[in-house]
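In my numbering, the protein residues as written are 3 to 543. What follows is a single structure, written as C-alpha cells, with notes after it.
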Amino acid sequence: MATLVGIVVGLVLGLLLILALVAKLYRKVGPNQALVVYGFGGTKVVKGSGKVIWPMIQSSRELSLELMSFDVAPQQDLYTSQGVAVNVEAVAQIKVQSDPVSILTAAEQFLTMDDVQRQGLIRLVMEGHLRGIVGQLTVESIVKEPEMVADRMRSNVAEDVHKMGLEIISFTIREVRDNNEYILNMGKPDVASVRRTADIAVAEAERDIAIRRAQAMREAKIAEAAAEQEKVSAESISQTKQAESVRDLELKRAEYDRSVQEQRAQADKAYEIQANVQQQRIVEEEVRVEQVRKQGQIAVQEAEILRREKELIATVLRAAEVEKQRIETLAQAEKQREIFRAGGVAEARKLQGEAEAVALRVQGMAEAEIIQAKGAAEAEALRIKAGAYQEFNQAAVIDRLLAEMPEVVRALAEPLARVDKITVISTGSDSNGQGTGVNRVASDVTSMIAQFPAMLESLTGVRLEDLLKNVPETGSTFRSHEPAAARSNGKPDPVPARKPEQRVPPVPRVDAEPVDAERGVADEPASTAAPRSGQKSNGPS
3 MATLVGIVVG LVLGLLLILA LVAKLYRKVG PNQALVVYGF GGTKVVKGSG KVIWPMIQSS
63 RELSLELMSF DVAPQQDLYT SQGVAVNVEA VAQIKVQSDP VSILTAAEQF LTMDDVQRQG
123 LIRLVMEGHL RGIVGQLTVE SIVKEPEMVA DRMRSNVAED VHKMGLEIIS FTIREVRDNN
183 EYILNMGKPD VASVRRTADI AVAEAERDIA IRRAQAMREA KIAEAAAEQE KVSAESISQT
243 KQAESVRDLE LKRAEYDRSV QEQRAQADKA YEIQANVQQQ RIVEEEVRVE QVRKQGQIAV
303 QEAEILRREK ELIATVLRAA EVEKQRIETL AQAEKQREIF RAGGVAEARK LQGEAEAVAL
363 RVQGMAEAEI IQAKGAAEAE ALRIKAGAYQ EFNQAAVIDR LLAEMPEVVR ALAEPLARVD
423 KITVISTGSD SNGQGTGVNR VASDVTSMIA QFPAMLESLT GVRLEDLLKN VPETGSTFRS
483 HEPAAARSNG KPDPVPARKP EQRVPPVPRV DAEPVDAERG VADEPASTAA PRSGQKSNGP
543 S
C-alpha cells in the first residue's frame with residue numbers, strides 16, 4: 003500500500019515538473035508584437051498567440067508592431083528650386099505591416115536593432131526623400147500648399163519603406179522657416195496691398211457716407227416740402243368732403259321727406275282700397291244671405307212637391323194592389339170550380355192546366371194594370387211638379403241666376419286677384435266721368451260685371467231680358483222699366499200685383515213602399531208597359 007502511494011505521488015510530482023517545464027518553455031506575445039521563431043523547423047512568425055520554444059533546437063525574438071512616431075528635421079538647410087535655403091520640420095508615423103511576409107522582411111532588417119537605431123535608419127531615408135521633394139518646389143508652394151508636399155512625400159517614400167516591411171501612416175509638415183527672412187518678406191506685398199485696399203475702402207466708405215448724408219438731407223427737405231404740400235392738399239380735400247357731406251345730408255333729408263310723403267300717400271290709397279274691398283265683401287255677404295234665403299224657399303217648395311208626388315203614388319199603388327188581390331182570388335175560385343166540374347182525374351188535370359193558364363193571364367193583366375197605374379202616377383207627379391215650378395218660376399229663375407252670378411263674377415275678377423301690385427297713374431277724370439285713382443279701378447270692375455248679360459247672349463244666344471220676360475212677374479217687371487214708346491200701342495202696360503209668398507210647412511221624408519214602387523215604375527221601360535196594356539185589352543173581361 004505504501005509502495006502504491008509512493009508511485010502515485012511520484013507520478014504526480016513528475017507530471018507537475020513536466021507542466022512547469024512546458025510553461026517555462028512556452029512563449030506568448032500580444033497583438034502589438036510578433037514572435038519570430040527560428041531554428042528547428044525553419045523560421046515562423048507568431049502574432050497575438052504563443053508557442054513552445056524547445057531549448058537547444060529553437061530560438062525566438064520579439065518584433066514590435068506598434069506605431070513609430072519621430073521628427074524629420076534635417077540639420078542641413080534644404081534648397082528650393084529658387085535656391086533659397088529653408089529649414090523644414092515634419093512628423094512621420096510608420097509601423098511594421100501586419101502580414102507574415104512583411105514581418106519577416108522587417109525582421110531581416112531590424113530584428114537585432116533597438117528602437118533608436120531603427121528610427122535613425124528610417125529618418126535618414128525620410129530626410130533624403132524630403133530633400134529631393136523640396137528641391138523641386140518653390141518657397142511659396144511649400145508654405146501655401148503643405149498638403150501637396152505631404153502627399154508627394156507619402157507617394158515617394160512608400161516604395162522604399164515597403165521594401166523594409168514597413169508602411170507610412172502619415173507625414174505632416176510642421177514648420178517651414180529660413181534665416182534670410184524670405185518667408186517673412188514674402189507676405190509684405192500682400193500686406194501692403196491689403197492695407198492699401200483697406201485704406202481705399204475706408205475712403206470710399208467715408209465718401210459714400212458723405213454722399214448718402216447729403217442725399218438724406220436733400221430727401222428730408224423734399225419730404226418736408228411734400229408733407230407740407232400734402233397737408234395743404236389734405237385740408238382742401240377735407241373742406242371739400244365736408245361740403246359734399248353737407249350737400250349729401252341735405253339731399254338725403256329731401257329724399258327722406260319725399261319718401262315719407264310717398265309712403266303716406268300710398269298708405270292713404272291702401273286704406274281707401276281696403277275700405278272698398280271691405281264694402282265689396284259686405285255686398286257679397288248680403289248677396290249670399292239672399293241666395294241662401296231663396297234656396298231655403300226652393301227647398302221647402304220641392305219638399306212639398308215630393309210629398310204630393312209620394313202621396314199620389316202611394317194612393318194609386320194601394321188601389322192597384324187591392325185590385326190585384328181581388329182578381330187573383332176570382333181566378334183561384336174559377337180554377338177550383340173547373341176542377342170540381344171535370345169529374346175525373348184526366349179531365350181534372352186538363353181543367354187544372356187551363357185554369358192555371360187563365361190564372362197566369364189574369365195575373366199578367368193585373369201586373370199590366372199596376373204598371374199602367376204607376377205610369378199614370380208618375381205622369382201626374384211630373385205634371386204637379388211642372389205646375390209647382392210654374393207657380394214659383396220667378397223665385398227659381400232669380401235663384402239660379404243669383405247662384406251662378408258669383409261664379410261668373412269670380413271668373414271675371416280672377417285675373418285681377420292674381421295681380422301682386424297695381425300702380426295707378428291718373429291726373430284727371432276721363433271723358434266719360436269715370437273718376438280717378440282707386441275709384442277708377444272700382445268703376446272698371448263694375449263695368450266688367452255689367453257686361454255679364456251681353457257675354458251670356460254671345461255664349462248661349464239667349465238674351466237675359468227675353469228670358470226674364472217669359473217668366474211671370476219678372477217679365478212684367480222688366481216691361482215696366484221699358485220706355486213708354488217701346489210698349490205695344492204706345493200705352494203703358496199695367497203692372498200686376500206681386501203674389502204674396504206662401505210658406506209651405508216642411509214635410510217629413512217618407513221611406514215606405516211607395517218610394518220603392520216609384521223606383522220600380524221609373525226603371526220600367528216604356529216598351530214593356532205598352533204590350534202588357536195591350537194584353538189586357540185583348541183578354542176576356
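The beta-carbon is built from N, C-alpha and C at its ideal position, and this holds for glycine as well.
Min CB distance residue i to chain D below 9 Å
{"i": "Arg310", "result": "Note that chain D does not occur in the displayed structure, where there is just one protein chain."}
Under the three-state DSSP convention, the category residue i falls into
{"i": "Val11", "result": "helix"}
{"i": "Leu630", "result": "The question about residue 630 has no answer here: the residues shown for the chain are numbered 3 through 543."}
{"i": "Gln99", "result": "coil"}
{"i": "Met70", "result": "strand"}
{"i": "Gly52", "result": "strand"}
{"i": "Glu64", "result": "strand"}
{"i": "Ser172", "result": "strand"}
{"i": "Thr38", "result": "Checking the displayed sequence, the identity of residue 38 turns out to be Val instead of Thr. It is a strand residue."}
{"i": "Val88", "result": "strand"}
{"i": "Pro494", "result": "Residue placement at Pro494 cannot be trusted, given a pLDDT of 41 that sits under 50; the coordinates are not used to answer."}
{"i": "Val141", "result": "helix"}
{"i": "Ala499", "result": "A caution first: Ala499 carries a pLDDT of 39, below 50, which makes its placement in the model unreliable, though a value can still be read off. If DSSP states are grouped into helix, strand and coil, Ala499 belongs with coil."}
{"i": "Lys538", "result": "Only weak support exists for where Lys538 lies, its pLDDT of 38 falling under 50; the value from the coordinates is given anyway. Reduced to three states, the DSSP call for Lys538 is helix."}
{"i": "Val127", "result": "helix"}
{"i": "Val118", "result": "helix"}
{"i": "Arg420", "result": "coil"}
{"i": "Val302", "result": "helix"}
{"i": "Ala94", "result": "strand"}
{"i": "Pro485", "result": "Per-residue confidence for Pro485 stands at a pLDDT of 42, beneath the threshold of 50, marking its modelled position as unreliable; the derived number appears in the next sentence. In the structure shown, Pro485 sits in coil (DSSP, three-state: anything other than H, G, I, E or B)."}
{"i": "Pro516", "result": "Any answer about Pro516 is weak, because its pLDDT of 38 lies below 50 and its placement is not dependable; what the coordinates show is given next. Note: Pro516 maps to helix in three-state DSSP."}
{"i": "Val324", "result": "helix"}
{"i": "Val31", "result": "coil"}
When the options are compared against residue i, the one with the closest alpha-carbon
{"i": "Glu371", "options": "Glu325, Ala415, Glu68, Arg198", "result": "Glu325"}
{"i": "Pro140", "options": "Asp180, Met367, Ser172", "result": "Reading off the sequence, residue 140 comes out as Thr, not Pro. With distances taken between Cα atoms, Thr140 lies closest to Asp180."}
{"i": "Leu106", "options": "Ile135, Glu246, Leu168", "result": "Leu168"}
{"i": "Gly618", "options": "Tyr81, Glu287, Phe173", "result": "No answer is possible for residue 618: the residues shown for the chain start at 3 and end at 543."}
{"i": "Gln121", "options": "Glu68, Asp101, Asp79", "result": "Glu68"}
{"i": "Ala94", "options": "Leu21, Lys146, Phe173", "result": "Phe173"}
{"i": "Val151", "options": "Gly134, Met166, Lys165", "result": "Gly134"}
{"i": "Leu37", "options": "Val10, Glu304, Gly12, Leu65", "result": "Leu65"}
{"i": "Ala335", "options": "Gln354, Ala321, Ala216", "result": "Gln354"}
{"i": "Glu91", "options": "Pro148, Leu123, Gln35, Gly85", "result": "Pro148"}
{"i": "Gln111", "options": "Gln84, Gly12, Asp153, Met166", "result": "Met166"}
{"i": "His131", "options": "Gln119, Thr114, Leu113, Asp153", "result": "Asp153"}
{"i": "Asp117", "options": "Val103, Asp101, Ile96, Pro102", "result": "Ile96"}
{"i": "Thr45", "options": "Leu17, Gly12, Leu113", "result": "Leu113"}
Contact check, residue i vs residue j, beta carbons under 9 Å
{"i": "Gln99", "j": "Ala109", "result": "no"}
{"i": "Arg125", "j": "Val74", "result": "yes"}
{"i": "Ala361", "j": "Glu330", "result": "yes"}
{"i": "Gly43", "j": "Val31", "result": "no"}
{"i": "Ile185", "j": "Val178", "result": "yes"}
{"i": "Ala333", "j": "Gln365", "result": "yes"}
{"i": "Tyr40", "j": "Ser71", "result": "no"}
{"i": "Gln280", "j": "Pro408", "result": "no"}
{"i": "Ala160", "j": "Ile170", "result": "yes"}
{"i": "Ile386", "j": "Ile307", "result": "yes"}
{"i": "Asn187", "j": "Val86", "result": "no"}
{"i": "Val410", "j": "Met457", "result": "yes"}
{"i": "Val127", "j": "Asp162", "result": "yes"}
{"i": "Val47", "j": "Pro102", "result": "yes"}
{"i": "Ala383", "j": "Glu311", "result": "yes"}
{"i": "Pro76", "j": "Glu129", "result": "yes"}
Whole runs of the beta strand (DSSP E) within the region 216-289, excluding any shorter than 3 residues:
none
contact_flag[the region 43-59, the region 19-33] where n(CB pairs < 8 Å) is 3 or more
yes
Of all the alpha helix (DSSP H) runs that stay within the bounds of the region 174-214, which reach a length of 4 or more residues?
184-188
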